[in-house]
Structure formats: structure tokens, C-alpha cells
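Report on the following structure.
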Amino acid sequence: MRSIAVMGMLLIGLAALPAPAVAAGDAAKGATLFKRCVACHTVDPGKKAGMGPNLAGVVGRKAGATSFPYSPAMKAAAISWTPDKLDTFLTRPAAMIKGSRMAFAGLPNAQDRADVIAYLATRK
Numbered sequence: 001m002r003s004i005a006v007m008g009m010l011l012i013g014l015a016a017l018p019a020p021a022v023a024a025g026d027a028a029k030g031a032t033l034f035k036r037c038v039a040c041h042t043v044d045p046g047k048k049a050g051m052g053p054n055l056a057g058v059v060g061r062k063a064g065a066t067s068f069p070y071s072p073a074m075k076a077a078a079i080s081w082t083p084d085k086l087d088t089f090l091t092r093p094a095a096m097i098k099g100s101r102m103a104f105a106g107l108p109n110a111q112d113r114a115d116v117i118a119y120l121a122t123r124k
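Take 1 as the starting number for the sequence shown in UniProt numbering and just add one per residue.
The following block contains the structure:
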């Protein structure tokens with residue numbers, strides 16, 4: 001009986017732990033890493049989109065919500081770009097939003113993703 005009580009308390013304790021979050025990023029390193037993305041994306045507010053949408057203000061924005069001609073899959077994605085969602089997307093875009101036109105395999109390094117996300121968060 002005592003082991004059941006201990007197990008129950010352990011489960012309650014685990015449930016109270018915060019969900020895993022994106023690692024803390026370095027925006028300056030993210031700015032350097034983002035140079036890989038400038039062939040398609042800009043982060044300058046008001047600047048015309050290129051092959052990909054302008055990412056100024058992307059953190060917190062609904063997917064497919066700007067005037068860029070997104071794929072039907074991106075337009076239909078019912079997500080907002082939180083740091084956690086951006087982390088998942090940047091890991092492997094095609095796996096998260098099947099049918100996305102983003103021709104990028106992803107950033108396999110978690111710290112690189114955190115740095116890029118930190119940089120994007122500064123670009124309002």
C-alpha cells in the first residue's frame with residue numbers, strides 16, 4: 001500500500017514539472033547563423049518578401065498570416081510561431097508541415113536553433 005502512495009506522489013510531482021523548453025539562445029550568434037537564410041528571407045520590418053516570407057515579427061505570429069503566397073499546407077496550419085513551434089519547425093520543416101514549400105532540410109543542432117530563434121525574437 002505504501003508503494004502505491006509513493007508512486008502516486010511521484011507521478012504528481014512529475015506532472016508539476018514544467019514542459020521542456022527551447023534552450024536559451026544567443027541572438028548575436030543567431031544573427032550570424034541567419035545569414036544562411038537571407039537568400040530567401042528578410043527580417044527587416046516593411047521590406048518586401050523574397051522567395052520566402054519576411055520573418056520580422058514571426059515569433060508569436062500565426063503561421064501563414066502575412067501577404068506572402070504561402071503553400072496551402074502553411075495557410076492551413078493552425079499554429080502560432082512560439083519558440084517551441086519554431087524549434088520543431090527548424091529541426092525539419094517538411095516533417096512538421098507536410099506540403100510546405102520551404103526547401104530547407106533543417107538545423108540539426110539544438111543550440112543553433114535556439115540562437116536563430118533568439119535572433120528572430122529581436123526582429124519585430
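By construction, the Cβ of each residue, glycine as well, lies at the ideal position given by its N, Cα and C atoms.
Small disclaimer: the values here were computed from a predicted structure and weren't measured.
DSSP three-state assignment for residue i, whether helix, strand or coil
{"i": "lysine 62", "result": "strand"}
{"i": "glycine 13", "result": "Because the pLDDT of glycine 13 is 42, which lies under 50, any placement of that residue in the model is unreliable, and the number read from its coordinates should be weighed accordingly. Residue state, collapsed to three classes: helix."}
{"i": "methionine 102", "result": "coil"}
{"i": "isoleucine 97", "result": "coil"}
{"i": "alanine 5", "result": "Residue placement at alanine 5 is flagged as unreliable, the pLDDT there being 41, under the threshold of 50; a coordinate-derived value is accordingly withheld."}
{"i": "leucine 120", "result": "helix"}
{"i": "proline 72", "result": "helix"}
{"i": "leucine 86", "result": "helix"}
{"i": "arginine 113", "result": "helix"}
Cβ-Cβ separation, residue j to residue i (assumed contact under 8 Å), whole Å
{"i": "alanine 23", "j": "alanine 121", "result": "Wrong, their Cβ atoms sit about 13 Å apart, outside the cutoff."}
{"i": "leucine 55", "j": "arginine 123", "result": "7 Å"}
{"i": "threonine 91", "j": "arginine 113", "result": "7 Å"}
{"i": "phenylalanine 89", "j": "isoleucine 97", "result": "7 Å"}
Neighbour-count burial assignment, residue i, 16 or more Cβ in a 10 Å radius
{"i": "valine 38", "result": "exposed"}
{"i": "alanine 28", "result": "exposed"}
{"i": "serine 100", "result": "buried"}
{"i": "proline 72", "result": "exposed"}
{"i": "aspartate 115", "result": "buried"}
{"i": "methionine 51", "result": "exposed"}
{"i": "proline 69", "result": "exposed"}
{"i": "alanine 76", "result": "exposed"}
{"i": "glycine 30", "result": "buried"}
Beta-ladder partner(s) of residue i, from DSSP
{"i": "serine 80", "result": "Lys62"}
Would you list, in sequence order, the uninterrupted alpha helix (DSSP H) runs of no fewer than 4 residues that lie entirely inside the stretch 22-52? 27-34
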